[in-house]
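Below you'll find the structure, written out as structure tokens, and then a few comments.
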Amino acid sequence: MTKLILRKLGWALLTIAFVLLLNFFLFRVMGDPTRLLKDPRLSQATIEAIRVRFGLDKPVINCFETLNPIKASLNACGVNPFNTQFAAYLSNLLKGDLGVSFHSQRPVAELLTERLWNTLLLIGAGQILAIIIGIILGLVAAWKARTVLDYSALVGSLTVWSLPTFWLGILLLFWGSNYLGLPLGGKETIGSGLTGLKRLGDIGTHLLLPTLTFTLVFIGEYMLIMRSTVLDVLSEDYILTAKAKGLSTFQILKDHALRNAMLPIVTIVALNLGFTVAGAIQIETVFSWPGLGLTIFEAVGRRDYPVLQGAFLLLAVSVVLANVIADLLYTFLDPRVRLA
Amino acid sequence: MSNKQQANLLEVRGLTVDYLTEKAKARALENVSFKVAQGSILGIVGESGCGKTTLMLALLRLLPQAGRIVAGEVLFNGRDLLRLSENDMRSLRWQDLAIIFQGAMNALNPVKTVEDQITEVLLRQNPNKTSAAKRVDELLEMVGIGRNRKGQYPHQFSGGMRQRAMIAMALACNPKLVIADEPTTALDVMVQAQILELLLQLRAELDLTILLVTHDLGVVAEVCDTALVMYGGVIAEHAPIDAIFNAPSHPYTQALLGAFPDHTKPKTQLLSIPGYPPKLDALPPGCRFAPRCSQVIDICQLKTPSLIKVSDGFASCHLLETL
Ligand SMILES: Nc1ncnc2c1ncn2[C@@H]1O[C@H](COP(=O)(O)OP(=O)(O)OP(=O)(O)O)[C@@H](O)[C@H]1O
Ligand SMILES: [Mg+2]
Chain A
50 MTKLILRKLG WALLTIAFVL LLNFFLFRVM GDPTRLLKDP RLSQATIEAI
100 RVRFGLDKPV INCFETLNPI KASLNACGVN PFNTQFAAYL SNLLKGDLGV
150 SFHSQRPVAE LLTERLWNTL LLIGAGQILA IIIGIILGLV AAWKARTVLD
200 YSALVGSLTV WSLPTFWLGI LLLFWGSNYL GLPLGGKETI GSGLTGLKRL
250 GDIGTHLLLP TLTFTLVFIG EYMLIMRSTV LDVLSEDYIL TAKAKGLSTF
300 QILKDHALRN AMLPIVTIVA LNLGFTVAGA IQIETVFSWP GLGLTIFEAV
350 GRRDYPVLQG AFLLLAVSVV LANVIADLLY TFLDPRVRLA
Chain B
5 MSNKQQANLL EVRGLTVDYL TEKAKARALE NVSFKVAQGS ILGIVGESGC
55 GKTTLMLALL RLLPQAGRIV AGEVLFNGRD LLRLSENDMR SLRWQDLAII
105 FQGAMNALNP VKTVEDQITE VLLRQNPNKT SAAKRVDELL EMVGIGRNRK
155 GQYPHQFSGG MRQRAMIAMA LACNPKLVIA DEPTTALDVM VQAQILELLL
205 QLRAELDLTI LLVTHDLGVV AEVCDTALVM YGGVIAEHAP IDAIFNAPSH
255 PYTQALLGAF PDHTKPKTQL LSIPGYPPKL DALPPGCRFA PRCSQVIDIC
305 QLKTPSLIKV SDGFASCHLL ETL
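Heads up: the protein sequence lines correspond to chains A and B, in order. Per this note's numbering, the very first residue in the first sequence carries number 50; after that it's consecutive. Per this note's numbering, the very first residue in the second sequence carries number 5; after that it's consecutive.
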């Protein structure tokens, strides 16, 4: 068991190492971002100063010879390998320093942590609701397979599943703000001066529509997968045994079907994390929710590389970690894997 | 057997079951009637697909969605199970009627420990966890599984152990009737012998009534008191073991015995029965066995024979009527 966990963690670390490399080079192949500073009022000297300030004057890596395992010698081309952008990137990372935003001049790490919580709140609430409701709907639909209930759940799920995220968001925003008087966007009412519980309530009303969008986008998929898995599980011999044992419908679903059917859901939720991020970008943009998604959207528009680089790193690491958690959860749920 | 009414734990009358498939309606059981005395073991034999499992599931009202009980009565202790409400039926299941399924390999839930799966039924009867735990130890000991293995999952058990765990589970609530659908089919001869031995011993100790479905006539000869021979969804013959093996009345029983290796007479020629069992959605008119019967007469093609009393039991064959 411990060996298994260590192995999974080992793979996760390796993946993160690759992510670090990719993340670094991805943002260098686009060239020097100061090229884009086209404002005629900027003198060459100012641009040079900016380049020095952000370390862009240094070579990216000392040279590609370094990466050649046969000739591997750090000093292959006479540049101090510790005076490169790559070395700075790594040493800064170790210090938890993700650089400074081109746009707001604030430290990226600080900016991202602040926004990360908002995104986690949104994704967390949306995913948890989608998972719970999706699983229950799928379970009920499978139990009542080929009834009106089943067909309505099926049609509803397919419909919300096929709706474009941003379109659904805009629709809900229009409908919610028009008829229910819900806020148009943001995380809280600016300048309201609310504190304590009142402020939480205010945040809650702002969270309502984006969470609803998030839930609707994912609920269909979870419901459909749960339904088909439970249908499979219900045809298993051990379910017949459970019926023969005189267990009630509720007990059979809860004690025998659910746990077996949870296995694929755990996998899907983990695999979905990438799409969750994509969903977050769209939803946060529509609802001006100050999370990572909106940050990425804005940073792309502003060519704010340090922010983008930091956000990508953060997202990649969280997806990898979430997959590790899903893997471990799977192991916990299925004794055949755990004890193998 | 002073009081005949008391002596029959189970009496099935005219049980008829259909499977509704997309294309057609298949009559899987037709007019099945038999009685089982308290404390006896009834062997149920017949070719694959003749409706043995269907019969067992119908008794427990556990037929799959497509299955419909069209007619009949299932009297258990004088109560018609088919008329009980779903809730009353549920409270009888496992408390009074337990089943060991064909292929217990998959009959146990892979993600629950064996102990949990047995405890689950015990707690329905008595919510005391300590006494349930004690009972689990007792049951596992009875079937020869060490109590140190009770916390394990089914995949950690061998096939024979799973089957024995299933038997332990079936006995958990002291049922009156145990249905065993081919409990030993997938097991080697040694384990098979152990399990049959166990069933016999438990019958003696607990006064169980057992319905034992099997393909193996040797098993029937060894452990059963009476046998029910089924063919294509009907009863061909129902008689005590002696009569079945020494003086079979129905041509199908005779043919079945001829197709079974008899170890007491070396090197006898095995006689297979030519042809195949009937398709349930395209039954021949008249006797279902007629197309394969070596003693077929004119009336067999026209009229369905009814179950009639012969010396020691019952058989459905026109030859016996004309006698
Ligand atoms: N769910 C179902 N839907 C339609 N037909 C079915 C279904 N289950 C069984 N049948 C049909 O009913 C007939 C009896 O099947 P059953 O399983 O009772 O046979 P069996 O005697 O137990 O056979 P075996 O010895 O192979 O276990 C078969 O012809 C089978 O094709
Ligand atoms: Mg069968």
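Idealized CB from N, CA, C, for every residue including glycine.
Can you tell me the Cα-Cα spacing of residue i and residue j, whole angstroms?
i: residue 143 of chain A; j: residue 195 of chain A; result: 57 Å
i: residue 356 of chain A; j: residue 155 of chain A; result: 10 Å
i: residue 80 of chain A; j: residue 280 of chain A; result: 54 Å
i: residue 125 of chain B; j: residue 17 of chain B; result: 30 Å
i: residue 6 of chain B; j: residue 42 of chain B; result: Low confidence applies here, because residue 6 of chain B scores a pLDDT of 41, under 50, leaving its location unreliable and the question unanswered by this model.
i: residue 200 of chain B; j: residue 227 of chain B; result: 7 Å
i: residue 249 of chain A; j: residue 269 of chain A; result: 29 Å
i: residue 365 of chain A; j: residue 162 of chain A; result: 15 Å
i: residue 273 of chain A; j: residue 186 of chain A; result: 9 Å
i: residue 91 of chain B; j: residue 228 of chain A; result: 48 Å
i: residue 306 of chain A; j: residue 296 of chain A; result: 12 Å
i: residue 84 of chain A; j: residue 337 of chain A; result: 30 Å
i: residue 165 of chain B; j: residue 183 of chain A; result: 38 Å
i: residue 311 of chain B; j: residue 221 of chain B; result: 22 Å
i: residue 150 of chain A; j: residue 164 of chain A; result: 14 Å
i: residue 92 of chain A; j: residue 82 of chain A; result: 16 Å
i: residue 56 of chain B; j: residue 237 of chain B; result: 8 Å
Quick one: does residue i have its CB under 8 Å from some CB of chain C?
i: residue 262 of chain A; result: Of the protein chains in the structure, A and B, none is chain C.
So what's residue i in DSSP terms, helix, strand or just coil?
i: residue 7 of chain B; result: Below a pLDDT of 50, predicted positions are generally treated as unreliable, and residue 7 of chain B, at 43, falls in that range; the measurement from the model is reported next regardless. DSSP places residue 7 of chain B in coil when its eight states are reduced to three.
i: residue 299 of chain A; result: helix
i: residue 213 of chain B; result: strand
i: residue 38 of chain B; result: strand
i: residue 152 of chain A; result: coil
i: residue 116 of chain B; result: coil
i: residue 230 of chain B; result: strand
i: residue 253 of chain A; result: helix
i: residue 22 of chain B; result: strand
i: residue 255 of chain B; result: helix
Taking only beta-carbon positions, decide if residue i is within less than 8 Å of chain A.
i: residue 73 of chain B; result: no
i: residue 277 of chain B; result: no
i: residue 147 of chain B; result: no
i: residue 124 of chain B; result: yes
i: residue 97 of chain B; result: yes
i: residue 7 of chain B; result: Any reading at residue 7 of chain B must be qualified, since the residue scores a pLDDT of 43, below 50, and its modelled position is unreliable; the value itself is stated next. Not closer than 8 Å to any Cβ of chain A, the Cβ of residue 7 of chain B fails to qualify, so no.
i: residue 118 of chain B; result: no
i: residue 182 of chain B; result: no
i: residue 40 of chain B; result: no
i: residue 114 of chain B; result: yes
i: residue 168 of chain B; result: no
Considering only residues of the same chain and omitting the five flanking positions on each side of residue i, which have a CB-CB separation below 7 Å?
i: residue 8 of chain B; result: With a pLDDT of only 43 at residue 8 of chain B, under the threshold of 50, the placement of this residue in the model should not be trusted, and no figure is reported.
i: residue 180 of chain B; result: 13, 100 and 213
Going along chain B, which residues have a C-beta under 8 Å from residue i?
i: residue 297 of chain A; result: 94
i: residue 305 of chain A; result: 113 and 116
i: residue 352 of chain A; result: Simply none; closest approach about 51 Å.
So, does the CB of residue i fall closer than 8 Å to a CB anywhere in chain B?
i: residue 285 of chain A; result: yes
i: residue 383 of chain A; result: yes
i: residue 276 of chain A; result: no
i: residue 141 of chain A; result: no
i: residue 308 of chain A; result: yes
Ignore the nearest five residues each way along the sequence and tell me which others in residue i's own chain have a CB closer than 8 Å to its CB.
i: residue 323 of chain B; result: 255, 299 and 301
i: residue 295 of chain B; result: 279, 282 and 288
i: residue 20 of chain B; result: 31, 33, 34, 35, 36, 73, 74, 75 and 76
i: residue 349 of chain A; result: 357
i: residue 110 of chain B; result: none
i: residue 352 of chain A; result: 82, 85 and 151
i: residue 67 of chain B; result: 21, 58, 61 and 73
Give me the chain B residues within the contact set of residue i, using Cβ-Cβ distance strictly less than 7 Å, ordered along the chain.
i: residue 292 of chain A; result: 66
Starting from the beta carbon of residue i, find every residue of chain A whose beta carbon is closer than 7 Å, and list them in chain order.
i: residue 103 of chain B; result: 293
i: residue 128 of chain B; result: 295
Please list, in chain order, the chain A residues whose beta carbon lies closer than 8 Å to that of residue i.
i: residue 172 of chain B; result: Neighbours of residue 172 of chain B on chain A: none; closest Cβ ~13 Å, over 8 Å.
i: residue 111 of chain B; result: 286, 287, 289 and 290
i: residue 157 of chain B; result: 384, 385 and 388
i: residue 160 of chain B; result: 388
Using a Cβ cut-off of 9 Å, pull out every chain A residue sitting near residue i, in sequence order please.
i: residue 131 of chain B; result: Within chain A, no residue comes near residue 131 of chain B; the closest Cβ sits about 14 Å away, beyond 9 Å.
Can you give me the Cβ contacts of residue i inside the same chain, cut-off strictly under 6 Å, excluding the 5 residues immediately before and after it?
i: residue 78 of chain B; result: 16, 63, 85 and 86
i: residue 133 of chain A; result: 107, 108, 110 and 111
i: residue 230 of chain B; result: 46 and 244
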